[in-house]
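Q:
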Amino acid sequence: MRTAIITGITGQDGSYLAELLLDKGYRVVGVIRRHSSPELQTHRIDHLMSNSNLTLEYGDVTDLPSLLNVCKKHNPSEVYHLAAQSHVKISFGQPSFTTDTIATGTLNILEAVRLMVPDARVYLAGSSEMYGNEFDEDGFRRETTIMKPVSPYGCSKTYAFHLGRTYRESYDMFICNGILFNHESPRRGLNFVTSKIVEGAARIQKEGGKLSLGNLDATRDWGHAKDYVVAMWMMLQQSYSDDYVCATGESHSVRDLCEMVFSKLGMNYANHVVIDPEYYRPLELHDLKGDPTKAIAELGWETTYTFESMIDEMIEHHKAR
Ligand code: NAP
Ligand code: G4F
68 MRTAIITGIT
78 GQDGSYLAEL
88 LLDKGYRVVG
98 VIRRHSSPEL
108 QTHRIDHLMS
118 NSNLTLEYGD
128 VTDLPSLLNV
138 CKKHNPSEVY
148 HLAAQSHVKI
158 SFGQPSFTTD
168 TIATGTLNIL
178 EAVRLMVPDA
188 RVYLAGSSEM
198 YGNEFDEDGF
208 RRETTIMKPV
218 SPYGCSKTYA
228 FHLGRTYRES
238 YDMFICNGIL
248 FNHESPRRGL
258 NFVTSKIVEG
268 AARIQKEGGK
278 LSLGNLDATR
288 DWGHAKDYVV
298 AMWMMLQQSY
308 SDDYVCATGE
318 SHSVRDLCEM
328 VFSKLGMNYA
338 NHVVIDPEYY
348 RPLELHDLKG
358 DPTKAIAELG
368 WETTYTFESM
378 IDEMIEHHKA
388 R
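Its first residue numbered 68, the sequence shown is counted upward by one per residue in the numbering used here.
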């Protein structure tokens with residue numbers, strides 16, 4: 068039986084990845100941090116807790132000894148490193164914490180694997196934020212596009228990306244960087260714009276009220292998290308390790324998203340959305356669109372959700388709450 072370690076198992080992606088790996092017959096070891104309210108910590112994976120192939124271990128990616136211990140104890144063949152302070156706006160307010168979890172956290176994971184289980188295959192959760200406002204002539208970002216991040220989060224992810232590549236080449240380790248564009252789901256944290264809009268619109272439909280947002284003109288390439296965790300697994304099943312963009316190739320503005328969600332709930336967004344400068348960022352990544360050609364050709368990756376079917380699933384979820 069193969070053993071996989073997941074850091075960030077309590078997050079959106081970690082929960083879908085744990086489901087996928089358990090379904091495939093893996094023994095899954097999730098690394099979780101100590102919380103003062105543990106009963107609230109595992110809500111995304113509570114439905115998996117009775118599975119005897121799932122084990123949770125306390126650890127923190129900023130604490131190298133905890134990672135060394137987990138690797139030594141469980142001898143994984145695959146390590147999926149998803150843990151991060153993953154909110155871009157918050158990374159401006161908490162730059163040191165963001166850098167500690169993402170940059171130092173990735174260094175710690177790579178050292179733990181190198182020292183304890185050097186043959187284990189490693190997935191690193193890179194982001195389209197690494198590109199900043201750079202793109203190719205056709206408007207797309209791909210594996211070869213220049214990276215010039217515009218947030219402390221993006222800078223930390225760019226460090227982690229290059230560290231992964233450096234360890235791969237220096238130590239002949241199997242390390243893949245996913246360069247993932249935005250992916251959402253009913254499990255998305257409510258402070259990301261998709262779930263904030265869907266949850267807000269569903270609440271306003273029942274109770275009335277307003278929804279405060281920031282920049283409505285930014286565009287993003289939004290897919291479904293369930294599709295993107297399949298790509299993570301596929302990367303670690305290849306005969307060589309490499310870096311891959313995962314995206315839909317389609318982008319929509321935050322305003323388009325508001326229009327779609329509010330109109331599906333029988334409302335006009337313009338009557339309910341108010342702009343609050345609080346939600347603007349010191350630097351904005353204006354438009355995002357990725358080219359997944361390499362992941363499709365080399366991994367055989369394909370998406371099963373459209374933008375609309377992903378939004379429909381989120382609306383159903385938040386309406387029922
Ligand atoms: P998420 O929902 O915010 O989950 C983050 C996870 O990291 C949570 O389980 C969190 O634990 C854990 N974590 C944070 N700091 C930690 C620490 N110091 N030690 C151990 N665990 C820690 O993020 P996500 O959306 O699932 O994203 C997964 C990864 O992909 C992240 O690295 C993110 O930056 C990256 N990414 C995401 C997207 C996207 O659109 N979702 C796109 C590109 C890249 P708690 O539950 O205890 O907070
Ligand atoms: O939903 P967001 O906060 O996602 P963002 O910044 O694109 O980051 C997400 O995707 C990255 C991949 O590109 C991941 F690496 C990262 O971990 C995270 O998952 O914001 C999307 C857009 C931005 O342009 C933002 O300015 O929505 C705009 N926006 C407008 N009003 C808002 C709001 N964003 C948030 N969070 N809250 C608002 O009220």
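Glycine is no exception: its CB is placed at the ideal position from the N, C-alpha and C atoms.
(1) Under 8 Å: do the stretch 285-293 and the stretch 317-331 share three or more Cβ pairs, one atom per stretch?
(2) Exposed or buried, Thr373, counting other C-beta atoms within 10 Å across all chains shown (16 or more means buried)?
(3) Report the CB separation of Leu10 from Val217 in whole angstroms; it is logged as a contact under 8 Å.
(4) Suppose the cutoff is 8 Å on Cβ atoms and the five residues either side in sequence are ignored; what does the same chain contact list for Asn335 look like?
(5) Considering only residues of the same chain and omitting the five flanking positions on each side of Glu369, which have a CB-CB separation below 7 Å?
(6) Taking the alpha-carbon of Thr77 as reference, which of Pro162, His148, Asp90, Phe164 has the nearest alpha-carbon?
(7) In three-state terms, what does DSSP make of His229?
(8) Examine the Cβ distances between the stretch 142-160 and the stretch 101-119 and report whether three or more of them are shorter than 8 Å.
(9) Report all residues for which the CB-ligand distance to some heavy atom of the ligand G4F is below 5 Å; order them along the chain.
(10) Just the C-alpha distance for Lys361 and Leu89, rounded to the nearest angstrom, thanks.
(11) Pick out whichever of Val180, Lys356, Ser158 has its Cα sitting closest to the Cα of Glu204.
(12) Just reading off the alpha helix (DSSP H) that Arg181 is part of, what are its end residues?
(13) Please look up how many angstroms separate the CB atoms of Leu247 and Ser194, rounded, as I've assumed it's under 8 Å.
(14) So what does DSSP say about Thr109, is it helix, strand or coil?
(15) Answer yes or no: do Leu131 and Asn175 have a C-beta to C-beta separation smaller than 8 Å?
(16) Does the Cβ-Cβ distance between Met302 and Tyr125 come in under 8 Å?
(17) Within 10 Å of its beta-carbon, does Gln79 have 16 or more other beta-carbons around it, so buried, or fewer, so exposed?
(18) Between the C-alpha atoms of Glu236 and Arg208, what's the straight-line distance to the nearest angstrom?
(19) Can Met197 and Phe159 be called in contact, C-beta distance under 8 Å?
(20) Measure the CB-CB distance between Gln152 and Thr171 and report whether it falls below 8 Å.
(21) What are the start and end residues of each continuous beta strand (DSSP E) run of 3 or more residues lying completely inside the stretch 104-163, in chain order?
(22) What first and last residue would you give for the alpha helix (DSSP H) that runs through Tyr83?
(23) Helix, strand or coil: which one does DSSP assign to Ile363?
A: Let's see:
(1) yes
(2) On the sequence shown, residue 373 is found 306 positions in, with the first residue counted as 1. Thr373 should be labelled exposed.
(3) Past the edges of the chain, shown from 68 to 388, lies residue 10, and the structure says nothing about it.
(4) Working through the sequence shown from its first residue, we reach residue 335 at position 268. Excluding positions up to five away in sequence, the list reads Phe329.
(5) Along the sequence shown, read from residue 1 onward, the residue named residue 369 stands at position 302. Around Glu369: Ile363.
(6) To locate residue 77, count along the sequence shown from 1; it is residue 10. Selected option, being the one with the closest Cα: His148.
(7) Numbered from its first residue, the sequence shown carries residue 229 at position 162. Three-state DSSP puts His229 in a helix.
(8) no
(9) Ser153, Val155, Ser194, Ser195, Glu196, Asn249, Phe259, Val260, Leu280, Gly281, Asn282, Ala285, Val321, Tyr346
(10) One-based indexing of the sequence shown puts residue 361 at position 294. One-based indexing of the sequence shown puts residue 89 at position 22. One C-alpha to the other measures close to 27 Å.
(11) To locate residue 204, count along the sequence shown from 1; it is residue 137. Selected option, being the one with the closest Cα: Lys356.
(12) Along the sequence shown, one-based indexing puts residue 181 at 114. Looking at the DSSP string, the run of the alpha helix (DSSP H) that includes Arg181 is 172-183.
(13) Locating residue 247 in the sequence shown gives position 180, where the first residue counts as 1. Locating residue 194 in the sequence shown gives position 127, where the first residue counts as 1. Right, their Cβ atoms sit about 6 Å apart.
(14) By one-based count along the sequence shown, residue 109 stands at place 42. It is coil, neither helix nor strand.
(15) Your numbering for residue 131 matches position 64 in the sequence shown. Your numbering for residue 175 matches position 108 in the sequence shown. Contact: yes.
(16) Counting from one through the sequence shown, the residue named residue 302 turns up at place 235. Counting from one through the sequence shown, the residue named residue 125 turns up at place 58. Going by C-beta atoms, Met302 is not nearer than 8 Å to Tyr125.
(17) The residue you call residue 79 lines up with position 12 of the sequence shown. Buried, by the Cβ-count rule.
(18) For the purposes of this step, residue 236 is identified with residue 169 of the sequence shown, where counting begins at 1. For the purposes of this step, residue 208 is identified with residue 141 of the sequence shown, where counting begins at 1. So the alpha carbons of these two residues sit roughly 24 Å apart.
(19) Numbered from 1 along the sequence shown, position 130 holds the residue referred to as residue 197. Numbered from 1 along the sequence shown, position 92 holds the residue referred to as residue 159. Taking 8 Å as the Cβ cut-off, Met197 and Phe159 do not qualify as a contacting pair.
(20) Taking the sequence shown and counting its residues from 1, the one referred to as residue 152 is at position 85. Taking the sequence shown and counting its residues from 1, the one referred to as residue 171 is at position 104. Taking 8 Å as the Cβ cut-off, Gln152 and Thr171 do not qualify as a contacting pair.
(21) 121-125, 145-148
(22) To locate residue 83, count along the sequence shown from 1; it is residue 16. Residues 79-90.
(23) Taking the first residue of the sequence shown as 1, we reach residue 363 at position 296. Of the three classes helix, strand and coil, the one that applies to Ile363 here is helix, per DSSP.
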